[in-house]
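Down below is the structure, laid out as structure tokens.
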Amino acid sequence: RGCLLGENLPPASKLGPFCSAVKSILHTVEAHKQFWSCLRFDADLPTEDFLFSKGIIKVEEEDEEGTVKQVTGCPSSQSIRSSRSEVETGAAALPTDDGEAGLPISAAGLVLEDMDAPYCVQPEPWCPHLSDLPPLPPSGLCDPHDPCLVCGVRQEVWACLHCFEAYCSCYVNGHMVQHHEESDHNMVLSYSDLSVWCYPCNAYIFNAVLQPAKEDAYLKKFGTLDYV
Numbered sequence: 001r002g003c004l005l006g007e008n009l010p011p012a013s014k015l016g017p018f019c020s021a022v023k024s025i026l027h028t029v030e031a032h033k034q035f036w037s038c039l040r041f042d043a044d045l046p047t048e049d050f051l052f053s054k055g056i057i058k059v060e061e062e063d064e065e066g067t068v069k070q071v072t073g074c075p076s077s078q079s080i081r082s083s084r085s086e087v088e089t090g091a092a093a094l095p096t097d098d099g100e101a102g103l104p105i106s107a108a109g110l111v112l113e114d115m116d117a118p119y120c121v122q123p124e125p126w127c128p129h130l131s132d133l134p135p136l137p138p139s140g141l142c143d144p145h146d147p148c149l150v151c152g153v154r155q156e157v158w159a160c161l162h163c164f165e166a167y168c169s170c171y172v173n174g175h176m177v178q179h180h181e182e183s184d185h186n187m188v189l190s191y192s193d194l195s196v197w198c199y200p201c202n203a204y205i206f207n208a209v210l211q212p213a214k215e216d217a218y219l220k221k222f223g224t225l226d227y228v
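The numbers in full-length UniProt numbering rise by one with no breaks, and the one at position 92 of the sequence shown is 92.
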């Protein structure tokens, strides 16, 4: 309970992930594959040799005193596929959440050290481009099922909050970015999660000015405003 009040999490270096937790993560990945075609699941991370060969990380560098020091850049990690097979083969012999011990890290094939801490993207409460937004037309935004006007895809479609046209995101074919560059229309709304992005500010925006557009998008997508 103290974690909810801003206290630090207790150290868990000697604990391993529970079998049921790993299975839940794998099931979640499987369920989301069909909705996130732009993401890559079950893909190996690049090896250090590959990163060295491409110049992504350097072998060595000199500091101000002329001392040569090694630069590692990226920790090594095992592939998700090998982790999945080891979890499935070793899960039957492991205790459940009700037991005293969880799934050993070595058995799961998961490397928990040297991983970046998770973080939350915080939207900005205001940006100077809000004043450029026109009022919603009587018909509101475009339909959330409309395809991109350029390539016709229906995945990751955004609505322009200036001309109310639909274009795909940068993770698909990038036609909304192209539309912004050609028209100087700065703010767009994602039909995936109803977030609003401002290109010049390079940030998500959460402001009361955007509420009518979000409500219209929510109503078109879900047919109700009960949870807005």
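By construction, the Cβ of each residue, glycine as well, lies at the ideal position given by its N, Cα and C atoms. This structure is a prediction, so every number in the text was calculated from the model and none was measured.
For TYR218, does the three-state DSSP call read helix, strand or coil?
DSSP places TYR218 within a helical segment (H, G or I) once states are collapsed to three.
ASN186 burial status per 10 Å Cβ neighbour count (16 or more: buried):
Flag for ASN186 reads buried.
Are ALA166 and PRO137 close, meaning C-beta to C-beta below 8 Å?
Result no, Cβ atoms of ALA166 and PRO137 do not sit closer than 8 Å.
Which partner residues does LEU189 have in the DSSP bridge list?
Partner(s): ALA159, VAL196.
In angstroms, rounded to a whole number, what distance separates the CA positions of MET176 and LEU51?
One C-alpha to the other measures close to 32 Å.
With burial defined as no fewer than 16 other Cβ atoms inside 10 Å of the residue's Cβ, what is the status of GLY223: buried or exposed?
Exposed, since its Cβ has fewer than 16 Cβ neighbours within 10 Å.
Opening and closing residue of the beta strand (DSSP E) in which ALA31 lies
Taken as a continuous stretch (DSSP letters only), ALA31 belongs to no beta strand (DSSP E), being part of the alpha helix (DSSP H) at 19–32.
Between LEU210 and the rest of its own chain, which residues show a CB-CB distance below 6 Å, the 5 nearest in sequence each way excluded?
Same-chain partners within the cutoff: VAL196.
Measuring CB to CB, does ILE205 end up less than 8 Å from PRO123?
A contact, by the Cβ cut-off of 8 Å.
Under the three-state DSSP convention, the category GLU181 falls into
It is helical.
Separation of CYS163 from CYS198, as counted between CA atoms
Looking at the backbone, the Cα of CYS198 and that of CYS163 are separated by about 15 Å.
Starting from CYS168, trace the beta strand (DSSP E) in both directions and tell me its first and last residue.
CYS168 -> beta strand (DSSP E) spans 166–168.
What are the start and end residues of the alpha helix (DSSP H) that includes GLU48?
From DSSP, the alpha helix (DSSP H) with GLU48 extends over 48–53.
Is it buried or exposed, GLY55, if we count other Cβ atoms within 10 angstroms and call 16 or more buried?
Classification of GLY55: exposed, given that the 10 Å Cβ count is below 16.
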